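Novice: Protein chains in written order, with this note's numbering: chain A, 1 to 843; chain B, 1001 to 1141.
Please find one structure pasted underneath; my questions will follow.
Set out below in structure tokens:
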């Protein structure tokens, strides 16, 4: 989101009262006392050497109010941008550029704010009857009060420089803003109109057999996340997650030939996909969103106690999505001691640990969003057919306020299935037709969801039963929650509400004119894929398929990551005992690329058998021969392999290219399948009369690779991976960046780094070791402060990026985890505490 | 009523400059840059010629702001901040230019404040009856 530097006017250049004040705002000497109007009793905040606040509040409200204040003080610009973007209000901040208007229209069309309002109202309505809801709501409201306390007392010194440059003053934060941001996260992790993309690809390919081959339900050789299913009792948990209705016996899956087909014109489909693909996505391209997590029990560790590791792969942005914090409530009636990564703008710890348990998350990638093409009334297109009647669309008027320009009005139509996302086009005329909004989005995330309630329970969890109870409420977005505790348990729950579909597959847009076709129920929480203390003594997930479909009675639809990271983690843990913290960290830093290990031998063998004499190609072969498949920065082989892998895919899938689609539609496991099976149909180049062998095709790929490489330079010393594979963490508004250096790994290594310029990857690394005094190691690529001139702008990045070849891993902080402020200050050796803030009640 | 030029004596160039410099630093601490215009107006009271008023206002505020910038460079990373800002315009590494431009803007505010102030003083004094002339007439009677 680029922002012009002079939007705030020339006055921002004055020495006092302009942009230069931020240099004073980051100076904290000794202790500070801040009086806040809604503080009940008080809170002491110890800010440690990394700028991480440890909040010791007398009451729940005091702790969360201090959290809100600290979130706002350190990350207000990010919070505002995120929430305004999610709410379709970004034009209020950056003005009326086309991309901003399109973004606002799109965000309003998908209806996150409406869903957030309904979710918030559910908390208000249920707080009196459910003490966990009451707890979460009180925490939310206190957190909001803390944010607003900062906004109300904001001075020129601590106003984010971005606001000064923009000439923007943020309005008060509301609970709806907090829920909207949670919805946006949910959207980024489980939304997306993939049904439309699949429809486009299927139409374009015009070959169902090819489609089925490149998009299989289960990649060959996948090691699923759940090794042994562990069901909970239906007596304890009768419903689906979030209290939604459940069905014990799903209806039979529909045969593909019986699937109802929805009619969307090609022009409308293309236009809609263009709008979607050009939309701003703060969490980055979903292709790169993934994560690693694993846990091992005491039989495999050196300490005899459980260990856990997690690194969620999200967009790497500056400031980071994460904000480390330690929350303590001293009130015995509502005691809390939780530490980990929070998301600025939401109340609680998303990934972290309590005194007894720890947890991490990876994305399931489940498809919980379906597109319904409503049948419009030919005589009145403001109505659609349902259950035999013409039903009026509910129309929600949206008004976009644009900085410096007139408001923009447009309407979003809602059917029973959800918002019509083609409302962004409103009434329009294409070359051949006049059309009205009728493409409705039925997404579980638009229902009332309970992420905040889950965190309210999980943040206080003491044992595995509390973990089960917390997971019951996690309905959206579907995530794999890895778990370990100080009692030696390890577990993994594929948490989330998974719809049971009837009358359609859920893969493609469908027309449903009555109740018999749609998401009719959900998988019972008791039967969600889950593993607890499995016999293999470890658990792992890396976004691969959750569970083997042949062993599970329900269908969980959805994308699956290539299994290379998961396989590498599985192999490593399976063959190892006496695991140490160092081993866990080394595995997080692992850059062994299984794609190379599995497929490069085919290429080298093809070259040998070809008998071709070509010094150009031989240079490549020499570099690749003897390579250990590790994507290190100081050698050329990873560069060659990266090009070569793409070229292999290119030459294999002429069938896809012939349909004017990129060969990259075929994921790498499909490439591996074609080579290893081998599948002669795909190996042959159908554009030639001759029938090519695999060796011929692979040599072709080598020639194409050589062309790319020699364009970089004539000598292999010019192909070093680190010259091209770099990390670049862009500021949220494009004003600066962190990084720029060479980066180890690839899109298929455990230390993931897809693409040449890495902008996604391990957004937070965590290793937990349950010794007598548990050790919690964390780091993320950024810093606690939003101010780019602060030492805490990128100090954690420096640690995250610093690979130690002797130790074989990156740097981490060892968390300070003292239960009281006195214990912390007593333990301080003079370097641990930077300063202390005392929040006291005002008046 | 006494004329403004009588109330505010002509202090000469250097004292007027010092007053302007001190005022520019003190009022800038309010964070309201428009006060530099006021500084220029006030400084114009102590000189008599328009070009002197402009010069005193300009250089008083210019030097005053430079003093503040030096302090901020030493204590609050003003140079990296300036570098960052001008980097947004694609001119990274020229942070000193931002500080120079900022000081010139301040100086222009002070200078034009001085011009305006001097003009207002002259206008007001011209509209006021001449006290000296009135006393002479009274004495003749």
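For glycine and all other residues, C-beta sits at the position ideal for the given N, C-alpha and C.
Given the structure is predicted, the values throughout are model-derived calculations rather than measurements.
Need the endpoints of the beta strand (DSSP E) that residue 454 of chain A sits in, please.
Specialist: Taken as a continuous stretch (DSSP letters only), residue 454 of chain A belongs to no beta strand (DSSP E), being part of the alpha helix (DSSP H) at 451 to 458.
Novice: Taking just the CA atoms, how far does residue 519 of chain A sit from residue 352 of chain A?
Specialist: So the two alpha carbons sit approximately 34 Å from each other.
Novice: From the DSSP output, read off the bridge partner residues of residue 726 of chain A.
Specialist: Partner(s): A:742, A:757.
Novice: Considering just the uninterrupted stretch of the alpha helix (DSSP H) at residue 149 of chain A, what are its terminal residues?
Specialist: Element bounds for residue 149 of chain A: 131 to 153.
Novice: Can you have a look at residue 258 of chain A and say buried or exposed, based on whether 16 or more other CB atoms are within 10 angstroms of its CB?
Specialist: Looking at its Cβ environment, which holds fewer than 16 other Cβ atoms inside 10 Å, residue 258 of chain A is exposed.
Novice: Taking the alpha-carbon positions, what's the residue 1096 of chain B to residue 94 of chain A distance?
Specialist: In a straight line, the C-alpha of residue 1096 of chain B is about 28 Å away from that of residue 94 of chain A.
Novice: Return the CA-CA distance between residue 821 of chain A and residue 541 of chain A, expressed in angstroms with no decimal places.
Specialist: Each residue's alpha carbon lies about 37 Å from the other.
Novice: How many Å lie between residue 526 of chain A and residue 121 of chain A at the Cα?
Specialist: Taking the straight line from one Cα to the other gives about 27 Å.
Novice: Among residues of its own chain, excluding the 5 on either side of residue 253 of chain A, which ones have a beta-carbon nearer than 8 Å to its beta-carbon?
Specialist: Correct list, in chain order: 505, 555.
Novice: Which class does residue 768 of chain A belong to by DSSP, given the choice of helix, strand or coil?
Specialist: The answer is strand: DSSP assigns residue 768 of chain A an E or B state.
Novice: What distance in whole Å lies between the Cβ atoms of residue 456 of chain A and residue 476 of chain A, which are believed to be in contact at a cut-off of 8 Å?
Specialist: At roughly 16 Å, the Cβ-Cβ gap does not stay under 8 Å, so residue 476 of chain A and residue 456 of chain A are not in contact.
Novice: Rank A:437, A:99, A:176, A:142 by C-alpha distance to the C-alpha of residue 932 of chain A and give the top, closest one.
Specialist: In the structure displayed, chain A extends from 1 to 843; residue 932 of chain A sits before or after that span and is not available.
Novice: Over the uninterrupted beta strand (DSSP E) stretch that includes residue 45 of chain A, give me the two end residues.
Specialist: That run of the beta strand (DSSP E) goes 43 to 48.
Novice: Can you tell me the Cβ-Cβ gap for residue 19 of chain A and residue 1085 of chain B, rounded? I've got them flagged as a contact below 8 Å.
Specialist: Going by Cβ atoms, the distance from residue 19 of chain A to residue 1085 of chain B rounds to 6 Å, so yes, they are a contact pair.
Novice: Assuming residue 39 of chain A and residue 65 of chain A make a contact with CB atoms under 8 Å, what is their CB distance in whole Å?
Specialist: Correct: roughly 6 Å between the Cβ atoms.
Novice: Under three-state DSSP, which class holds residue 655 of chain A?
Specialist: If DSSP states are grouped into helix, strand and coil, residue 655 of chain A belongs with the helices.
Novice: Does the beta-carbon of residue 689 of chain A have 16 or more other beta-carbons within 10 angstroms, so that it is buried, or is it exposed?
Specialist: Classification of residue 689 of chain A: exposed, given that the 10 Å Cβ count is below 16.
Novice: Which first and last residues belong to the beta strand (DSSP E) in which residue 411 of chain A is found?
Specialist: Looking at the DSSP string, the run of the beta strand (DSSP E) that includes residue 411 of chain A is 408 to 415.
Novice: Please tell me whether residue 159 of chain A has its Cβ less than 8 Å away from any Cβ of chain B.
Specialist: Residue 159 of chain A does not count as touching chain B.
Novice: Could you check the C-alpha separation between residue 679 of chain A and residue 672 of chain A for me, to the nearest Å?
Specialist: Computed Cα separation, rounded: 10 Å.
Novice: Looking at residue 1128 of chain B: is its Cβ nearer than 8 Å to the Cβ of residue 1001 of chain B?
Specialist: Closer than 8 Å, so yes.
Novice: Could you name the residues of the same chain whose beta carbon sits closer than 6 Å to that of residue 702 of chain A, not counting the 5 residues immediately before and after it, in chain order?
Specialist: Cβ neighbours of residue 702 of chain A beyond the five flanking positions: 617.
Novice: At which residue ranges does the stretch 1001 to 1057 of chain B contain complete alpha helix (DSSP H) runs of 4 or more residues, listed in the order of the chain?
Specialist: List check, alpha helix (DSSP H) in window: 1004 to 1007, 1013 to 1028, 1035 to 1044.
Novice: What is the residue span of the beta strand (DSSP E) that residue 383 of chain A lies within?
Specialist: Run containing residue 383 of chain A: 380 to 386, per the beta strand (DSSP E) assignment.
Novice: Taking only the alpha-carbon atoms, compute the straight-line gap between residue 236 of chain A and residue 364 of chain A and give it to the nearest angstrom.
Specialist: Straight-line Cα distance between these residues: approximately 25 Å.
Novice: Nearest-angstrom Cα distance between residue 681 of chain A and residue 558 of chain A?
Specialist: Looking at the two C-alpha atoms, the distance is approximately 27 Å.
Novice: What is the DSSP secondary structure of residue 234 of chain A, counted as helix, strand or coil?
Specialist: Three-state DSSP puts residue 234 of chain A in coil, outside helix and strand.
Novice: Run the CB neighbour count on residue 707 of chain A, radius 10 Å, all protein chains shown included, and call it buried at 16 or more, exposed below.
Specialist: Burial call: exposed.
Novice: Using alpha carbons as the reference points, say which of A:658, A:830, A:643 lies closest to residue 603 of chain A.
Specialist: Cα-wise, what sits closest to residue 603 of chain A is A:643.
Novice: Would you mind listing the beta strand (DSSP E) stretches within the stretch 231 to 316 of chain A that are 3+ residues and don't spill past its ends, in chain order?
Specialist: Qualifying beta strand (DSSP E) stretches, in chain order: 290 to 296, 307 to 315.
Novice: Give a yes or no on contact between the stretch 573 to 583 of chain A and the stretch 617 to 637 of chain A, applying the rule of three or more CB pairs nearer than 8 Å.
Specialist: Touching, no, given that fewer than three Cβ pairs across the two stretches are closer than 8 Å.
Novice: Establish whether the CB of residue 429 of chain A and some CB of chain B are separated by less than 8 Å.
Specialist: Note that residue 429 of chain A scores a pLDDT of 49, beneath 50, so its modelled location is shaky; the value from the coordinates is reported in the next line. No, residue 429 of chain A lies away from the interface with chain B (no Cβ there is under 8 Å from its Cβ).
Novice: Can you say whether residue 1124 of chain B is buried or exposed, counting buried as having 16 or more other CB atoms within 10 angstroms of its CB?
Specialist: Classification of residue 1124 of chain B: exposed, given that the 10 Å Cβ count is below 16.
Novice: State the start and end residues of the unbroken alpha helix (DSSP H) segment that holds residue 538 of chain A.
Specialist: Per DSSP, residue 538 of chain A belongs to no alpha helix (DSSP H); it is in the beta strand (DSSP E), 538 to 541.
Novice: Would residue 1102 of chain B pass as an interface residue toward chain A - the criterion being a Cβ-Cβ separation below 8 Å?
Specialist: Chain A contact via Cβ: present.
Novice: Tell me whether the beta-carbon of residue 528 of chain A lies closer than 8 Å to the beta-carbon of residue 493 of chain A.
Specialist: Going by C-beta atoms, residue 528 of chain A is nearer than 8 Å to residue 493 of chain A.
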